[in-house]
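Counting from 194, one number per residue, gives the positions in the sequence shown under my numbering. Inspection log for the structure reproduced underneath, given as C-alpha coordinates.
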Amino acid sequence: MTNNGKGTLTGKPPEKAKRREIIVRELGAELGALIAASRAVTSEAAESLGPGVSASAFQMLQWLHSFGPTKASGIAEALSMDRSVISRLAKELRKLGLVEAGPDSEDARSIVYRIAEPARGKVAEAIARKGSHFEMRISGWPDADLMHLTRLLRRLNGRIL
(Lines of atoms letter the chains of each structure in order from A and count residues from 1; the text may use other names and numbers.)
(Lines give C-alpha, C1' and ligand atoms only; values in the text may rest on other atoms or scores of the structure.)
Protein backbone atom coordinates (compact mmCIF):
# COMPACT_ATOMS: atom_id res chain seq x y z
CA MET A 1 0.00 0.00 0.00
CA THR A 2 1.12 3.54 -0.78
CA ASN A 3 0.25 6.71 1.12
CA ASN A 4 -1.11 9.39 -1.22
CA GLY A 5 0.24 12.21 0.96
CA LYS A 6 -3.17 12.89 2.49
CA GLY A 7 -3.06 10.00 4.93
CA THR A 8 -5.00 7.70 2.59
CA LEU A 9 -3.67 4.42 1.29
CA THR A 10 -4.04 4.05 -2.48
CA GLY A 11 -3.93 0.27 -2.64
CA LYS A 12 -1.04 0.26 -5.09
CA PRO A 13 2.37 -1.06 -4.19
CA PRO A 14 5.01 1.72 -4.21
CA GLU A 15 6.66 0.51 -7.44
CA LYS A 16 3.32 0.44 -9.33
CA ALA A 17 2.36 3.86 -8.01
CA LYS A 18 5.73 5.28 -9.11
CA ARG A 19 5.43 3.64 -12.55
CA ARG A 20 1.93 5.06 -12.97
CA GLU A 21 3.17 8.51 -11.97
CA ILE A 22 5.91 8.35 -14.61
CA ILE A 23 3.48 7.17 -17.29
CA VAL A 24 0.98 9.92 -16.48
CA ARG A 25 3.76 12.55 -16.49
CA GLU A 26 4.98 11.34 -19.90
CA LEU A 27 1.42 11.35 -21.25
CA GLY A 28 0.98 14.91 -20.00
CA ALA A 29 4.20 15.98 -21.67
CA GLU A 30 3.16 14.44 -25.00
CA LEU A 31 -0.31 15.98 -24.84
CA GLY A 32 1.27 19.33 -23.99
CA ALA A 33 3.59 19.07 -26.99
CA LEU A 34 0.66 18.16 -29.25
CA ILE A 35 -1.42 21.08 -27.98
CA ALA A 36 1.49 23.50 -28.42
CA ALA A 37 2.10 22.28 -31.98
CA SER A 38 -1.60 22.54 -32.78
CA ARG A 39 -1.75 26.09 -31.43
CA ALA A 40 1.28 27.09 -33.49
CA VAL A 41 -0.19 25.67 -36.70
CA THR A 42 -3.59 27.24 -35.95
CA SER A 43 -1.98 30.64 -35.26
CA GLU A 44 -0.04 30.40 -38.53
CA ALA A 45 -3.23 29.58 -40.44
CA ALA A 46 -5.09 32.43 -38.72
CA GLU A 47 -2.35 34.93 -39.57
CA SER A 48 -2.51 33.87 -43.22
CA LEU A 49 -6.04 35.29 -43.33
CA GLY A 50 -4.90 38.72 -42.24
CA PRO A 51 -3.44 40.65 -39.36
CA GLY A 52 -5.52 40.45 -36.24
CA VAL A 53 -7.17 37.10 -36.99
CA SER A 54 -6.76 35.15 -33.77
CA ALA A 55 -6.56 31.40 -33.35
CA SER A 56 -10.01 31.52 -31.73
CA ALA A 57 -11.40 33.38 -34.73
CA PHE A 58 -9.83 30.77 -37.00
CA GLN A 59 -11.57 28.02 -34.99
CA MET A 60 -14.86 29.79 -35.62
CA LEU A 61 -14.09 29.99 -39.34
CA GLN A 62 -13.25 26.27 -39.40
CA TRP A 63 -16.58 25.51 -37.75
CA LEU A 64 -18.51 27.64 -40.26
CA HIS A 65 -16.57 26.10 -43.15
CA SER A 66 -17.43 22.59 -41.96
CA PHE A 67 -21.02 23.08 -40.81
CA GLY A 68 -22.33 26.13 -42.65
CA PRO A 69 -24.39 29.03 -41.36
CA THR A 70 -24.85 28.78 -37.60
CA LYS A 71 -26.22 30.85 -34.72
CA ALA A 72 -23.74 32.22 -32.19
CA SER A 73 -25.15 29.87 -29.54
CA GLY A 74 -24.47 26.82 -31.72
CA ILE A 75 -20.91 27.89 -32.44
CA ALA A 76 -20.31 28.69 -28.77
CA GLU A 77 -21.52 25.27 -27.69
CA ALA A 78 -19.52 23.43 -30.33
CA LEU A 79 -16.29 25.30 -29.54
CA SER A 80 -16.81 25.42 -25.76
CA MET A 81 -16.68 29.21 -25.80
CA ASP A 82 -18.94 31.79 -24.23
CA ARG A 83 -21.56 33.24 -26.57
CA SER A 84 -20.23 36.75 -25.91
CA VAL A 85 -16.80 35.61 -27.16
CA ILE A 86 -18.37 34.30 -30.37
CA SER A 87 -20.20 37.60 -30.86
CA ARG A 88 -16.95 39.53 -30.39
CA LEU A 89 -15.08 37.22 -32.79
CA ALA A 90 -17.89 37.52 -35.34
CA LYS A 91 -17.70 41.31 -35.13
CA GLU A 92 -13.94 41.22 -35.77
CA LEU A 93 -14.33 38.75 -38.65
CA ARG A 94 -17.10 40.86 -40.19
CA LYS A 95 -14.83 43.94 -40.14
CA LEU A 96 -12.19 41.91 -42.00
CA GLY A 97 -14.74 40.74 -44.58
CA LEU A 98 -14.40 37.08 -43.59
CA VAL A 99 -17.84 36.55 -42.06
CA GLU A 100 -21.35 37.76 -42.86
CA ALA A 101 -24.37 37.86 -40.58
CA GLY A 102 -27.95 37.40 -41.67
CA PRO A 103 -31.36 36.32 -40.46
CA ASP A 104 -31.98 32.68 -39.67
CA SER A 105 -34.28 31.16 -42.31
CA GLU A 106 -36.20 29.34 -39.56
CA ASP A 107 -36.41 32.25 -37.11
CA ALA A 108 -36.00 35.74 -38.57
CA ARG A 109 -35.36 37.13 -35.07
CA SER A 110 -32.15 35.10 -34.84
CA ILE A 111 -28.87 35.87 -36.56
CA VAL A 112 -26.70 33.27 -38.24
CA TYR A 113 -23.09 33.68 -39.22
CA ARG A 114 -21.54 32.36 -42.42
CA ILE A 115 -18.25 32.72 -44.22
CA ALA A 116 -18.46 35.69 -46.57
CA GLU A 117 -18.65 34.62 -50.19
CA PRO A 118 -15.52 36.54 -51.30
CA ALA A 119 -13.52 34.94 -48.45
CA ARG A 120 -14.56 31.31 -48.98
CA GLY A 121 -11.57 30.37 -51.14
CA LYS A 122 -9.06 32.07 -48.86
CA VAL A 123 -10.54 30.38 -45.77
CA ALA A 124 -10.63 26.98 -47.50
CA GLU A 125 -6.94 27.35 -48.47
CA ALA A 126 -5.92 28.25 -44.89
CA ILE A 127 -7.83 25.25 -43.53
CA ALA A 128 -6.24 22.96 -46.13
CA ARG A 129 -2.74 24.23 -45.26
CA LYS A 130 -3.41 23.60 -41.58
CA GLY A 131 -4.68 20.11 -42.39
CA SER A 132 -1.60 19.30 -44.44
CA HIS A 133 0.59 19.78 -41.35
CA PHE A 134 -1.45 17.14 -39.55
CA GLU A 135 -1.53 14.84 -42.58
CA MET A 136 2.28 14.93 -42.78
CA ARG A 137 2.56 13.79 -39.16
CA ILE A 138 0.33 10.75 -39.66
CA SER A 139 1.03 9.91 -43.30
CA GLY A 140 2.90 6.69 -42.50
CA TRP A 141 0.53 5.47 -39.82
CA PRO A 142 -1.57 2.37 -40.50
CA ASP A 143 -5.34 2.86 -40.37
CA ALA A 144 -5.53 0.56 -37.34
CA ASP A 145 -3.24 2.89 -35.36
CA LEU A 146 -5.28 5.94 -36.37
CA MET A 147 -8.51 4.23 -35.33
CA HIS A 148 -6.97 3.17 -32.01
CA LEU A 149 -5.70 6.68 -31.29
CA THR A 150 -9.11 8.12 -32.17
CA ARG A 151 -10.82 5.74 -29.74
CA LEU A 152 -8.36 6.62 -26.99
CA LEU A 153 -8.80 10.36 -27.55
CA ARG A 154 -12.59 10.02 -27.50
CA ARG A 155 -12.27 8.17 -24.22
CA LEU A 156 -9.92 10.81 -22.83
CA ASN A 157 -12.30 13.54 -23.96
CA GLY A 158 -15.14 11.78 -22.15
CA ARG A 159 -17.11 10.67 -25.18
CA ILE A 160 -18.51 7.21 -25.69
CA LEU A 161 -18.01 5.41 -28.99
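A virtual CB, placed ideally from N, CA and C, is assigned to each residue, including glycine.
Between the CA atoms of residue j and residue i - distance to the nearest angstrom
| i | j | result |
| --- | --- | --- |
| A337 | I331 | 12 Å |
| R347 | A269 | 20 Å |
| L242 | A319 | 7 Å |
| I304 | A294 | 6 Å |
| L282 | L227 | 25 Å |
| D300 | S259 | 22 Å |
| A321 | T235 | 11 Å |
| E240 | E214 | 39 Å |
| R287 | I308 | 9 Å |
| L342 | R302 | 43 Å |
| D297 | K264 | 8 Å |
| P209 | F327 | In the sequence on display, residue 209 carries Lys and not Pro. About 35 Å. |
| L354 | E219 | Its pLDDT being 47, under 50, L354 is placed unreliably by the model, and the measurement read from it follows with that caveat. Approximately 25 Å between the Cα atoms of the pair. |
| Y306 | S247 | 17 Å |
| K323 | V278 | 23 Å |
| A335 | R344 | The sequence given here has Pro at residue 335, not Ala. Answer to the nearest angstrom: the Cα atoms are 15 Å apart. |
| S340 | G225 | It should be pointed out that residue 340 corresponds to Met in this sequence rather than to Ser. In a straight line, the C-alpha of M340 is about 21 Å away from that of G225. |
| G245 | A238 | 12 Å |
| R232 | A222 | 15 Å |
| S364 | G290 | Residue numbering for the chain in the displayed model covers 194 to 354; residue 364 lies beyond these limits and cannot be assessed. |
| M329 | V292 | 30 Å |
| S266 | P206 | 49 Å |
| M194 | L349 | Here the model assigns M194 a pLDDT of 49, short of 50, so the residue's position is not dependable, and the following value carries that caveat. One C-alpha to the other measures close to 27 Å. |
| P311 | R212 | 55 Å |
Residues that residue i bridges to, as DSSP identifies them
| i | result |
| --- | --- |
| E263 | Just to set this straight, residue 263 is Thr in the shown sequence, not Glu. Answer is Y306. |
| E293 | R307 |
Run of the alpha helix (DSSP H) containing residue i, from where it starts to where it stops
| i | result |
| --- | --- |
| L227 | P207 to E240 |
| S280 | R276 to K288 |
task = Would you check if the stretch 244-258 and the stretch 270-280 touch, i.e. whether three or more CB-CB distances between them fall below 8 Å?
result = yes
ask   = Which parts of the stretch 301-349 are runs of the alpha helix (DSSP H), unbroken and 4 residues or longer, counting only runs that do not cross its ends?
value = 313-331 and 336-349
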